[in-house]
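So the number in the working numbering is just where the residue sits in the sequence shown, counting from 1, plus 296.
Beta carbons: idealized from backbone N, C-alpha and C, even for Gly.
What follows is one structure encoded as structure tokens, with my remarks underneath.
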Amino acid sequence: MRRITRKAIMKFQPYKTGKPIGEVKRELGLKSVYKLASNENPEGPSPMVIKAMEAALAGINRYPDGGCYCLKDALSGKLGVKASNIILGSGTDEIIEIIGKTFLEPSDEIIVSKHAFIRYRMAGELMGCRVRAVPMKNMKHDLAAMKKVVTKKTKIIFIANPNNPTGTYVNAGELARFFKGLSRDIIVVMDEAYYEYMTAKDYPMTIGYVKKGARVIVLRTFSKIYSLAGLRVGYGIAPEPIISMMERIRPPFNVNSVAQAAAIASLKDKGRVKRCRARMLEGRRLLEKELKKSALEFVPSEANFILIRTGNGRKWFDLLLGMGVIVRAMDEYELPGWIRVTVGTQKENEKFIRAIRKIVNEKN
Ligand SMILES: Cc1ncc(COP(=O)(O)O)c(C=O)c1O
């Protein structure tokens, strides 16, 4: 295969997904298993969204609207940008890949943070580019250090805000300083997958940069607070010339018709985002209180997950799995001593708390 496969693919490490509930139940013979591994909203979609999906099911003999006209229209009204500033994808995951395929030559470089969401690095590696991974400062993107490694070859800088898995964010002032003097030939991708969970007053309003025509691509998703992770819908917002280049290679029917209907209905479900955010904040406070009590170090998070230092992430992953709680070990993120837990429902959070108490007590 080496002879016929692209060199970049031979070196490529595939993405490891969180363990599915069914698999853990089968493997360990457990009746109840809680998945706190992939930063999903623990609440399922509302009845209104389910009704919209059911209605769309009757039409799945037809291809979906390839241009996602109605969904783009709804998003453009909500965001105050033109439909031509939006691209839809099968999750933002696909959009990250489309960005790489549209703009990266093998001679280009991309810049990421060392512990940033891993799909950016993969997008660069897929295209055979050099990936410059910059150490973080206090588990936060070190924007000054990232700017220092810019060269003539830099094509894209990826910034997850807040970042997965650290949960930290860069504020409006820090971002403004970062943009000052940055070459206009560089595309900055602002991944805001957890945007709707943010409460910080100084969180940057990045769509303003897009409106001014800056080379910025903002990413948002229906997978997190909107509870549609299994349907795969995400979107990018950018100046028209950027979107039109990406549209050239977007697969024609990449967002299915049920997903489009669900996403449109989700946007109409007005109070739900606020309610889900409030519940998540309550759950996160509970988990943080418990971590302090258990003397476990964690990174204060702005998102719906917490990065926790356990000493040995793999071991804790296995111990928690044995008790029916799936978390994420962080060795892939070069954080072998850490795990990441998603804030779940009250019942799930309490189960996680009982499990970590047991591990901590047995250790002492
Ligand atoms: C920072 C970040 N960006 C993008 C994604 C991918 O989301 P999607 O489901 O829209 O592909 C995730 C998923 O966990 C994420 O954490």
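V484 counts as buried, since no fewer than 16 other beta carbons sit within 10 angstroms of its beta carbon. When the beta-carbon positions are compared, A348 and A557 come within less than 8 Å of each other. Annotation for T517 indicates a beta carbon within 7 Å of some heavy atom of ligand 1. With respect to the C-alpha of Y531, the residue from S409, D389, V506 having the closest C-alpha is D389. Looking at the DSSP output, S328 sits in no beta bridge, so it has no partner there. Judged by DSSP in its simplified three-state form, M486 adopts strand. Relative to L617, the option among S372, V551, P316, I407 whose CA is nearest is P316.
Y311 is positioned such that its CB atom lies closer than 8 Å to that of M418. A residue is called buried once 16 or more other Cβ atoms fall within 10 Å of its Cβ, and E401, having fewer, is exposed. Shown here for I395: same chain residues with a beta carbon closer than 8 Å to its own, the five before and five after excluded, namely A419, I452, I483, V485, I513, G532, M542 in chain order. Under the 10 Å beta carbon count, A351 is surrounded by fewer than 16 other beta carbons and is classified as exposed.
Shown here, S372 sits in a helix according to DSSP, grouped into three states. Under the three-state reduction of DSSP output, V445 falls in the coil class, being neither helix nor strand. For N460, the Cβ falls inside the 7 Å cut-off from some heavy atom of ligand 1. In this structure, D389 has its CB closer than 7 Å to one or more heavy atoms of ligand 1.
Under the three-pair Cβ rule at 8 Å, the stretch 441 to 452 does not count as touching the stretch 486 to 502. For W634, DSSP records a beta bridge to R605. Per DSSP, T450 is one residue of the beta strand (DSSP E) stretching across 450 to 456. Three or more Cβ pairs drawn from the stretch 421 to 435 and the stretch 299 to 308 lie within less than 8 Å of each other, which places the two stretches in contact. Membership of A561 in any beta strand (DSSP E) is not indicated; the residue belongs instead to the alpha helix (DSSP H) covering 553 to 564. Taken through DSSP and simplified to helix, strand or coil, G579 comes out as helix.
Spanning the alpha carbons of R573 and K497 requires a straight line of approximately 15 Å. A distance criterion of 7 Å places the beta-carbon of S372 beyond contact range of ligand 1, judged by its closest non-hydrogen atom.
In the DSSP annotation of this structure, E350 is not part of any beta strand (DSSP E); the continuous alpha helix (DSSP H) holding it starts and ends at 343 to 353. For A440, the three-state secondary structure derived from DSSP is helix. Taking 7 Å as the cut-off, the C-beta of F454 does not count as close to any heavy atom of ligand 1. Rounded to whole angstroms, I392 and G385 show a C-alpha spacing of 9 Å.
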